[in-house]
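Visitor: In the numbering used here, the protein residues as written are 188 to 376.
Here a beta-carbon is modelled for each residue, glycine too, at the ideal position from N, C-alpha and C.
Here the structure is a predicted model, which means the values were calculated and not measured.
1) Threshold first: 3 residues or longer. Then list the beta strand (DSSP E) segments lying entirely within the segment 263 to 325, N to C.
2) Can you check DSSP and say which residues form a bridge with residue 337?
3) Excluding the 5 residues flanking residue 309 on each side, which residues of the same chain have their C-beta closer than 8 Å to its C-beta?
4) Output the distance between the C-alpha atoms of residue 280 and residue 242, rounded to the nearest integer angstrom.
5) From this set, 344, 343 and 339, which residue's C-alpha is nearest residue 258's C-alpha?
6) Considering only the beta carbon of each residue, do residue 269 and residue 255 sit closer than 8 Å?
7) So which of 264, 272, 262 and 289 has the shortest CA-CA distance to residue 343?
8) Counting along the chain, where does the beta strand (DSSP E) carrying residue 390 start and finish?
9) Would you kindly work out how many angstroms separate the C-alpha atoms of residue 306 and residue 337, rounded to a whole number?
10) For residue 243, report the span of its beta strand (DSSP E) as first-last.
11) For residue 272, which of 315, 327 and 345 has the nearest alpha-carbon?
12) Going by DSSP, what residue range makes up the beta strand (DSSP E) through residue 347?
13) Measuring straight from C-alpha to C-alpha, what distance separates residue 319 and residue 294?
14) Could you please give me the residues that DSSP links to residue 328 through a beta bridge?
15) For residue 250, which of helix, strand or coil comes out of DSSP?
16) In terms of alpha-carbon separation, which member of 262, 267, 349 and 244 lies closest to residue 312?
17) Confirm, please, whether the CB-CB distance from residue 347 to residue 252 is below 8 Å.
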């Protein structure tokens, strides 16, 4: 007899002959399964109705503490927020719930070793905690103009960015200077 619940399968082997003691064990096993199956069914229904977490997360895989600023579409205008402080080798949820846009923008700064993860999408930031609506005229509005790197979520409902240290680091670069550092040419003699 096989009973399937959700994606898990429970297999119960057919009873074997073996005398009175074996029959008693079979009855005990049947009673246990009769009590267990409704509990498993209830658990699978609860699991099926519990929504999966759908968030925008960032995991800092570097050896340093980092500060994160995030750019995203807020209705009909772009907005930026910062700073999330994320310790080395840890993760943080930046936005909770289903993602509503395909593209998000991230800027990160390495607090311990210097350097940054940046890009060519310029948005407004400031040194202290901020939420800024609009990305135009940052300097004229009293903000800093900062280059963010683009994150394409491919319209997924949930996404995690893995912030890593460059694989090939030039001696003059500090940790975390690039998202994925391209191979560097050999030094000139």
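Guide: Taking the coordinates as given:
1) 264 to 273, 277 to 282, 290 to 297, 308 to 312 and 317 to 320
2) For this step, residue 337 is matched to residue 150 along the chain shown. 292, per the DSSP bridge assignment.
3) Walking along the chain shown from the start, residue 309 turns up at place 122. Excluding residues within five positions, the ones whose Cβ falls inside 8 Å are 322, 325, 332, 333, 334 and 335.
4) The count along the chain shown starts at 1 and reaches residue 280 at position 93. The count along the chain shown starts at 1 and reaches residue 242 at position 55. For residue 280 and residue 242, the distance between alpha carbons rounds to 7 Å.
5) In the chain shown, the residue the question calls residue 258 occupies position 71. The option with the nearest alpha carbon to residue 258 is 339.
6) Counting from one through the chain shown, the residue named residue 269 turns up at place 82. Counting from one through the chain shown, the residue named residue 255 turns up at place 68. A contact, by the Cβ cut-off of 8 Å.
7) For the purposes of this step, residue 343 is taken as residue 156 along the chain shown, with counting starting at 1. Nearest C-alpha to residue 343: 289.
8) The requested residue 390 is not part of the displayed model; the chain covers only 188 to 376.
9) As a first step, residue 306 must be located in the chain shown, where it is residue number 119. As a first step, residue 337 must be located in the chain shown, where it is residue number 150. The straight-line gap from Cα to Cα measures roughly 7 Å.
10) Locating residue 243 in the chain shown gives position 56, counting from the first residue. It spans 243 to 247 - the beta strand (DSSP E) in which residue 243 sits, taken as one unbroken run.
11) Residue mapping note: residue 272 aligns to position 85 of the chain shown, counting from 1. If we check each option's Cα against that of residue 272, 315 comes out closest.
12) Reading the chain shown from its first residue, position 160 is the one you call residue 347. Looking at the DSSP string, the run of the beta strand (DSSP E) that includes residue 347 is 346 to 350.
13) As a working mapping, residue 319 is identified with position 132 in the chain shown. As a working mapping, residue 294 is identified with position 107 in the chain shown. Taking the straight line joining both Cα atoms gives about 14 Å.
14) Against the chain shown, residue 328 aligns to sequence position 141. Its beta-bridge partners do not exist; DSSP assigns none.
15) Reading the chain shown from its first residue, position 63 is the one you call residue 250. In the structure shown, residue 250 sits in coil (DSSP, three-state: anything other than H, G, I, E or B).
16) Against the chain shown, residue 312 aligns to sequence position 125. When only C-alpha atoms are compared, the closest one is 267.
17) Start at 1 with the first residue of the chain shown, and residue 252 comes out as number 65. Start at 1 with the first residue of the chain shown, and residue 347 comes out as number 160. Going by C-beta atoms, residue 252 is not nearer than 8 Å to residue 347.
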